[in-house]
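Asks: Mapping of the sequence shown onto the working numbering: position 146 corresponds to residue 280, and the numbering continues sequentially without gaps. Supplied in structure tokens, the structure appears directly below.
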Amino acid sequence: MIKSTVAAVLVAGMSVVGGSVAFASDRGTADEATAMLDKAVAHYASAGADQALKDFTASDKGWQDRDLYVFCFDEAGTTVAHGANGKLIGKNLSKLKDADGKAFVMDLVSAGKSGGGWVDYRWPNPVSKKIEQKSSVVKPAGDHICGVGIYK
């Protein structure tokens with residue numbers, strides 16, 4: 135009886151640990167987001183703006199990984215690339231507010247124009263389909279500001 139109880143507890147514990155590891159791997163990390171952004175900025179420099187922006191939005195070019203994707207804005211807050219929602223291309227999002235009423239797009243643009251950094255806001259997760267806390271790292275890329283975000 136004791137052996138079967140101990141075995142059941144061990145199996146349950148391993149299931150919980152294994153499940154949390156699987157869940158954790160479904161989400162990108164800050165380091166992965168930064169690495170993807172660095173790679174995107176390098177691609178922008180080598181391929182040119184037009185090709186890079188098309189590549190970042192295309193689903194078959196490798197710029198989406200789980201909940202990580204590249205997005206880019208011009209300095210006015212108009213979307214020029216978006217790896218999770220191509221319908222946003224050409225839309226000015228400068229006044230778009232997150233779930234808490236924060237007009238975050240211009241915060242992203244400002245951070246990028248200042249050389250780069252992280253911005254926090256709440257945004258729909260394309261994987262979970264829920265509003266979640268998000269942090270995005272942004273950098274300038276030519277005449278644009280590009281970023282990659284993580285959901286927390």
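Here a beta-carbon is modelled for each residue, glycine too, at the ideal position from N, C-alpha and C.
Any chance the segment 165-173 sits against the segment 215-222, with 3 or more Cβ pairs inside 8 Å?
Replies: Taking 8 Å as the limit for Cβ pairs, the verdict is that the segment 215-222 does not touch the segment 165-173.
Asks: Report the rounded CA-to-CA distance for His177 versus Tyr255, giving the unit in angstroms.
Replies: His177 and Tyr255: Cα-Cα distance of roughly 27 Å.
Asks: Near Leu227, what residues of its chain come up, given a Cβ to Cβ distance below 8 Å and the 5 sequence neighbours on each side ignored?
Replies: Correct list, in chain order: Phe207, Gly211, Thr212, Thr213 and Val239.
Asks: What is the residue span of the beta strand (DSSP E) that Val261 lies within?
Replies: Premise fails: Val261 is in no beta strand (DSSP E) and is neither H nor E.
Asks: Helix, strand or coil, according to DSSP, for Pro274 in the structure here?
Replies: Three-state DSSP puts Pro274 in a strand.
Asks: If we ignore side chains and look at the alpha-carbon of each, how far apart do Phe190 and Ala179 end up?
Replies: Spanning the two alpha carbons is a distance of roughly 13 Å.
Asks: Given this structure, state the Cα-to-Cα distance separating Ala156 from Asp172, to the nearest angstrom.
Replies: Only weak support is given to the placement of Ala156: the predicted model assigns it a pLDDT of 40, under 50, and the value that follows is read from those uncertain coordinates. Using only the alpha carbons, I get a separation of about 26 Å.
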